[in-house]
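Visitor: Here the sequence shown stands for residues 1 to 597, numbered as in full-length UniProt numbering.
Cβ atoms here follow ideal geometry from the backbone N, Cα and C, with glycine treated the same way.
As the structure is a prediction and not an experimental result, all values here were calculated from the model.
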Amino acid sequence: MLSQLPPELVDAIADLLPQRSVRSLSLVSTTLYVALFPRLHRAITFRASNEWALNILDVSLFLGDCPDYRVGEILHDTRELTVKAPILIARFHRCVYNSNFFPPAMSPRGLTLESPHEPTAHRRFLESLSSQIHQVFTRLEPGILRSFRCRQIRRLSLITDGTCPHAGQHLEGLSCFTALTELEWEGIQHPSEVSALRGCLQQNSRHLKALSIGFLSAENPPGRCGFADIVDLLPSSFRDDCTRSDLDGYSFLTLLTLSRVSFPSALLPGVQPSPFRALQALTLRDCPNDLRFLQFLARSSTPVSLRHFEISSDYLRESGERLAFIAIVEFLLSFQGLEYLYLKISNFPQFLPGLDDAIHHHQSTLRGLVFHERRLMAINSEQIFEELRDDMAMTLPSIPRILRKICSPIALGLCLRPARVRYLLVGLSIRSSIRILHLRFSGEERAHYSLRREIVSELQKDLDGWPWSLTQRLKKSNAAGLDVWPTREAPEAQEFVRLVQWAFGPAGLPALQILAFGDFSHGDRCREQQVLLRRKRADGSSDGVCHGGCCTADRTFCLADIDDDSLWDDLPLDGLDGPRFLSACPSTGLIESPYDL
């Protein structure tokens with residue numbers, strides 16, 4: 001029937017569908033494929049399959065699989081061309097100078113086993129990349145792409161590797177970008193990079209809508225990163241010599257993300273105007289003295305009104321006032337209307353005064369909450385050595401008090417053992433509204449532990465009906481009128497399987513759609529410490545790959561893949577960004593210094 005519709009109507013229908021559905025619709029018939037062909041190939045993306053060989057794109061596969069006339073037809077309709085790199089696992093030494101093998105440099109004494117010759121270290125990589133891109137551009141019609149002018153670029157995203165000997169060079173052109181509305185830069189380390197960033201901000205601050213800055217290290221050693229102080233990067237309204245014109249510097253900025261940016265230990269006293277009057281989303285990750293910045297915003301004469309607030313803060317990084325930890329509470333009480341609150345706090349007092357009241361202040365609008373605590377813990381019996389680790393014990397009175405102050409959260413993330421999460425939720429009325437439940441932990445603490453494989457194994461045991469499987473134990477316990485949740489602490493994987501059975505069962509969480517366990521920071525970086533399950537659709541379909549037979553007709557849930565874009569299609573999340581929620585407050589930076597690990 002759709003094949004008989006006019007092409008204009010088919011195109012209008014395609015406007016309402018996600019790209020994955022449009023691709024599926026084009027396979028229904030030849031007529032629909034012809035009608036949707038221009039839309040299917042309007043945007044083309046080439047990728048490198050391995051982050052250790054970023055110069056090997058899939059261009060040759062694209063050109064080899066299609067005859068020349070077919071390539072011409074596809075590129076004729078292309079308006080957007082993207083080249084992507086899978087930078088997820090490696091946190092440093094990303095540059096090909098360090099990761100690729102080069103012949104040893106020539107010297108007067110002959111061959112030497114040393115670093116590659118710096119003038120030619122990148123040449124082979126760039127030549128390989130350029131030749132592949134050239135194969136595509138020679139087949140494009142002139143002027144067919146929407147925009148390819150440097151000065152008209154609206155969005156700029158950079159990741160720089162400070163371990164490269166050429167780091168910080170050739171960045172003078174950043175100040176030539178004068179129309180940016182979004183700017184992201186991760187891995188800033190060198191003085192020349194900060195100078196280039198400052199020049200770029202001066203050119204674009206008045207029309208920037210999104211700004212994300214990430215430094216390589218927050219320690220700021222003298223002579224290296226001391227200039228990273230936010231006073232040097234943001235408008236002079238933080239300074240004593242501010243003028244009225246300076247206050248309009250970031251009047252359109254709605255999203256601000258700062259990672260490892262060191263704030264001054266003492267901000268200006270008294271009420272000062274804030275340069276971020278339009279701010280709707282604020283993210284602070286591992287920024288020394290970040291609580292001082294929150295106090296500044298809370299006491300500003302032009303307070304912000306956020307919809308999204310995320311912070312990863314370590315109280316040991318704070319300097320000065322002893323009671324600075326209440327800055328989070330003060331900041332949350334300074335405005336209303338917050339929808340998403342993601343908190344990851346380290347070494348804070350075990351009972352944060354007023355936090356539950358501050359959350360209750362937003363109870364009518366709060367839709368998503370993450371609460372993750374870490375603290376220094378002894379790692380040997382003598383309690384001499386300590387490490388920063390997750391606090392997964394439900395000993396804090398703040399957690400149940402916080403949950404009792406929330407009306408109807410859609411998404412909830414907690415750093416607790418599975419058994420304690422079930423014990424905590426079973427008596428709360430909010431469980432009827434939870435659609436995403438995330439049991440969090442920091443993946444670097446379990447780098448050699450395959451949680452995913454262990455839980456899949458437990459699910460398979462339960463499915464096989466072994467005498468000691470979970471299903472058999474539940475049946476026997478129910479028949480005897482016993483509590484199916486034994487008091488003896490079980491292994492974590494078994495705890496999680498029990499939670500899954502309860503959460504997706506008739507007495508569990510009726511609105512639950514997604515149950516996640518593990519560390520979802522930066523996509524696949526901690527893949528072996530990730531478990532994702534979803535409720536089957538009403539027709540019983542799983543929309544996912546069955547692992548070891550774990551998807552069966554008699555189960556209400558199935559394993560899911562975070563890389564599956566269709567996972568979030570048609571889920572009743574009321575605008576919640578699922579991947580952003582799962583990756584909130586990451587345990588590691590996107591790029592880090594090898595000397596900090």
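1) When you compare the CB positions of Gly199 and Ser175, do they come within less than 8 Å of one another, or not?
2) Exposed or buried, residue 612, counting other C-beta atoms within 10 Å across all chains shown (16 or more means buried)?
3) If you check the beta carbons only, do Pro303 and Ser334 fall under 8 Å apart?
4) Between Ala196 and Leu255, how many whole angstroms is the CB-CB distance? I'm expecting something under 8 Å.
5) Which residues in the same chain as Leu284 place their Cβ atom closer than 6 Å to its Cβ, once the five residues preceding and following it in sequence are excluded?
6) With DSSP as the reference, please indicate the residues paired to Ser157 in a beta bridge.
7) For Glu51, which of helix, strand or coil comes out of DSSP?
8) So, with DSSP's three-state summary, where would you put residue 674?
9) Assign His134 to one of three DSSP states: helix, strand, or coil.
10) Measuring straight from C-alpha to C-alpha, what distance separates Arg389 and Asn347?
11) Skipping 5 residues on each side, what residues in its chain have a beta carbon closer than 7 Å to that of Ser432?
12) By alpha-carbon positions, which one of Asp68, Glu330, Glu387, Ser29 ends up nearest to Leu355?
13) Suppose contacts are defined by Cβ-Cβ distances below 8 Å. Is Val500 in contact with Leu533 by that definition?
14) According to DSSP, simplified to helix, strand and coil, what is Leu432?
15) Assign His207 to one of three DSSP states: helix, strand, or coil.
16) Phe263 and Pro288 look like a contact to me (Cβ under 8 Å); what is the Cβ gap, rounded to whole Å?
17) Tell me Met392's beta-bridge partners as DSSP assigns them.
18) When you compare only the Cα positions, how much space is there between Val370 and Leu412?
19) Under 8 Å, with one C-beta from each stretch per pair, do the segment 414–426 and the segment 444–460 reach the 3-pair mark?
20) Figure out for me which residue from Gln169, Ser157, Gly443 has the closest Cα to the Cα of Leu183.
21) Enumerate in chain order the residues of its own chain whose CB-to-CB distance from Pro18 is below 7 Å, with the five nearest sequence positions on each side excluded.
22) Straight-line CA distance for Val10 to His76?
23) Can you give the Cα-Cα distance for Arg375 and Ile402, rounded to whole angstroms?
24) Is it the case that the Cβ atoms of Phe441 and Gly518 are separated by a distance below 8 Å?
25) Cutting at 7 Å between CB atoms, please list the residues of its own chain near Ala560, excluding the five before and the five after it.
26) Between Glu528 and Phe293, what straight-line distance do the alpha-carbon atoms span, to the nearest angstrom?
27) The beta strand (DSSP E) spanning Ser259 covers which residue range?
28) Starting from Tyr69, follow the alpha helix (DSSP H) in both directions and report where the run begins and ends.
29) What would DSSP say about Gly143, mapped onto helix, strand or coil?
30) Comparing alpha-carbon positions, which option in Asp286, Thr31, Gln295 lies nearest Ala584?
31) When you compare each of Thr82, Val59, Glu80 to Val71 by their alpha carbons, which one comes out closest?
Guide: With the given structure in hand:
1) yes
2) Any property of residue 612 remains undetermined from this structure, which presents the chain solely from 1 to 597.
3) yes
4) Their Cβ separation, rounded to whole angstroms, is 21 Å, which puts Ala196 and Leu255 out of contact at 8 Å.
5) Leu258, Asp290, Ile311
6) Glu184
7) coil
8) Past the boundaries of the shown model lies residue 674; the chain is included only from 1 to 597, so the question cannot be answered.
9) helix
10) 10 Å
11) Pro510, Ala511
12) Glu330
13) yes
14) Just to set this straight, residue 432 is Ser in the shown sequence, not Leu. If DSSP states are grouped into helix, strand and coil, Ser432 belongs with the helices.
15) coil
16) 7 Å
17) In the DSSP output, where bridge partners are listed per residue, Met392 has none listed.
18) 6 Å
19) no
20) Ser157
21) Asp569
22) 20 Å
23) 20 Å
24) yes
25) Leu532, Leu533, Arg534, Gly544, Leu567
26) 36 Å
27) 255–259
28) 68–76
29) coil
30) Asp286
31) Val59
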